[in-house]
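Presented below is the structure to which this report refers.
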Amino acid sequence: RLLVVGSSNTDMILQVQNLPRPGETVLGGQFSTAPGGKGANQAVAAARAGADVSLVARVGRDSFGEQALAGFAGDGIDTRHCSVDDSAPSGVAQILVSAAGENCIGVAPGANATLAPRHLDSASEAFRKCAVVLLQLETPLATVERAAALGRDADAVVILNPAPACELPDSLYPLLDMITPNETEAEHLTGIRVTDESSAAAAARVLHKRGVTTVLITRGASGVYLSREAGQNAVTGESFPAFEVDAVDTTAAGDVFNGCLAAALTRGETLERCVRFAQAAAALSVQVLGAQTSAPDIAAIDAFFQS
Ligand code: ADP
Numbered sequence: 003r004l005l006v007v008g009s010s011n012t013d014m015i016l017q018v019q020n021l022p023r024p025g026e027t028v029l030g031g032q033f034s035t036a037p038g039g040k041g042a043n044q045a046v047a048a049a050r051a052g053a054d055v056s057l058v059a060r061v062g063r064d065s066f067g068e069q070a071l072a073g074f075a076g077d078g079i080d081t082r083h084c085s086v087d088d089s090a091p092s093g094v095a096q097i098l099v100s101a102a103g104e105n106c107i108g109v110a111p112g113a114n115a116t117l118a119p120r121h122l123d124s125a126s127e128a129f130r131k132c133a134v135v136l137l138q139l140e141t142p143l144a145t146v147e148r149a150a151a152l153g154r155d156a157d158a159v160v161i162l163n164p165a166p167a168c169e170l171p172d173s174l175y176p177l178l179d180m181i182t183p184n185e186t187e188a189e190h191l192t193g194i195r196v197t198d199e200s201s202a203a204a205a206a207r208v209l210h211k212r213g214v215t216t217v218l219i220t221r222g223a224s225g226v227y228l229s230r231e232a233g234q235n236a237v238t239g240e241s242f243p244a245f246e247v248d249a250v251d252t253t254a255a256g257d258v259f260n261g262c263l264a265a266a267l268t269r270g271e272t273l274e275r276c277v278r279f280a281q282a283a284a285a286l287s288v289q290v291l292g293a294q295t296s297a298p299d300i301a302a303i304d305a306f307f308q309s
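As structure tokens, this is what we get:
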């Protein structure tokens with residue numbers, strides 16, 4: 003079983019030809035709404051990839067929140083530990099997507115900001131039953147830290163996708179088994195600009211020194227750099243090139259990658275195979291517009307993976 007602790011948002015998506023510069027207005031866009039939020043996206047991606055998923059999240063008492071919870075249930079996610087905040091609105095993300103597939107995002111966290119450590123205490127049974135805990139940074143850091151500690155106590159594999167980038171307390175790293183920054187987040191955490199395999203290896207070493215044994219740096223269309231501690235200061239590194247596809251919208255590539263990585267890990271597969279599986283799912287997702295809407299199901303991933 004996989005336990006995801008994280009955010010739920012409603013994405014307000016505006017497709018435009020080119021992203022506007024500050025002060026600029028671009029006309030001729032197309033608008034749509036879709037369920038989003040890194041926690042929810044990753045939970046949905048994992049559920050579609052075949053995992054049994056429990057989600058700890060918080061929404062407002064409004065139609066966005068209702069729709070989000072109904073969507074989770076529709077994907078077969080256990081929502082027993084999702085709660086409703088009576089005073090804060092559901093989280094909202096304003097997303098601009100260009101014709102080239104680049105994006106630009108602003109988030110109003112709303113009820114995500116009130117997901118507190120005490121909401122995890124009431125999910126203690128879910129922690130006991132899970133093999134993998136998957137976390138991101140769109141909910142308060144104190145909650146992320148507590149979730150990592152509870153996951154560690156339960157002997158689960160604890161994965162942090164450190165997105166969006168922010169400063170992390172030193173005490174958090176030793177509670178993690180795996181960290182999965184993209185290039186920007188890796189630079190934010192380590193101060194090392196990641197542009198190729200050797201800079202990825204250097205950034206990974208910094209994260210190993212802080213106490214994480216497995217570092218996965220996702221590098222967009224350049225794939226994934228995996229770095230593992232092999233005892234006594236020895237580190238092994240390996241690159242996994244991305245599948246070559248035509249990207250339409252990379253909004254949730256990282257979310258699909260992380261959700262599917264965690265899903266594959268609950269099945270006890272080798273880490274290499276989990277990475278390839280997650281990359282296949284992410285490559286499928288970037289060919290479709292949207293966040294949760296673009297998460298592929300297990301049949302599509304298997305078909306793509308095996309072809
Ligand atoms: P994030 O969305 O968090 O910035 P990345 O852009 O690094 O994360 O994407 C995560 C993973 O998704 C990549 O490691 C890669 O395997 C896959 N991916 C992302 N963009 C593409 C792309 N254009 N083509 C194929 N695979 C992609």
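Taking full-length UniProt numbering, I'd label the letters of the sequence shown as residues 3 to 309.
For glycine and all other residues, C-beta sits at the position ideal for the given N, C-alpha and C.
The structure presented is a predicted model; accordingly, all values stated were derived computationally and were not measured.
C-alpha distance - residue i paired with residue j, whole-angstrom precision
i	j	result
residue 15	residue 77	22 Å
residue 244	residue 104	17 Å
residue 97	residue 110	12 Å
residue 120	residue 51	30 Å
residue 154	residue 300	28 Å
residue 24	residue 165	24 Å
residue 189	residue 106	19 Å
residue 298	residue 132	23 Å
residue 221	residue 75	32 Å
residue 158	residue 279	20 Å
residue 302	residue 262	13 Å
residue 207	residue 273	19 Å
Test item: CB-CB of residue i and residue j under 7 Å
i	j	result
residue 70	residue 258	no
residue 143	residue 122	no
residue 140	residue 167	no
residue 7	residue 55	no
residue 293	residue 38	yes
residue 60	residue 117	yes
residue 86	residue 63	yes
residue 249	residue 288	yes
residue 209	residue 218	no
residue 256	residue 184	yes
residue 203	residue 239	yes
residue 136	residue 264	yes
residue 9	residue 114	yes
residue 13	residue 36	yes
residue 271	residue 241	no
residue 53	residue 83	no
residue 277	residue 226	yes
Cβ separation of residue i and residue j, assumed to be a contact under 8 Å, to the nearest whole Å
i	j	result
residue 311	residue 260	Lying before the first or after the last residue shown, residue 311 is absent from the chain, which here runs from 3 to 309.
residue 1	residue 4	Residue 1 lies beyond the stretch modelled for the chain, which goes from 3 to 309, so this question has no answer here.
residue 215	residue 195	Contact flag wrong, Cβ pair sits at about 24 Å.
residue 94	residue 67	Going by Cβ atoms, the distance from residue 94 to residue 67 rounds to 11 Å, so no, they are not a contact pair.
residue 156	residue 130	6 Å
residue 254	residue 296	6 Å
Own chain, CB closer than 8 Å to residue i, minus 5 neighbours either side, in chain order
i	result
residue 178	150, 160, 161, 162, 213 and 214
residue 30	18 and 19
Residues near residue i by beta carbon distance below 7 Å, same chain, minus five either side
i	result
residue 81	57, 71, 74 and 75
Is the number of C-beta pairs between the segment 167-181 and the segment 33-45 that are closer than 8 Å three or more?
no
Count the CB pairs spanning the segment 301-308 and the segment 281-289 that are closer than 8 Å, and state whether there are at least three.
yes
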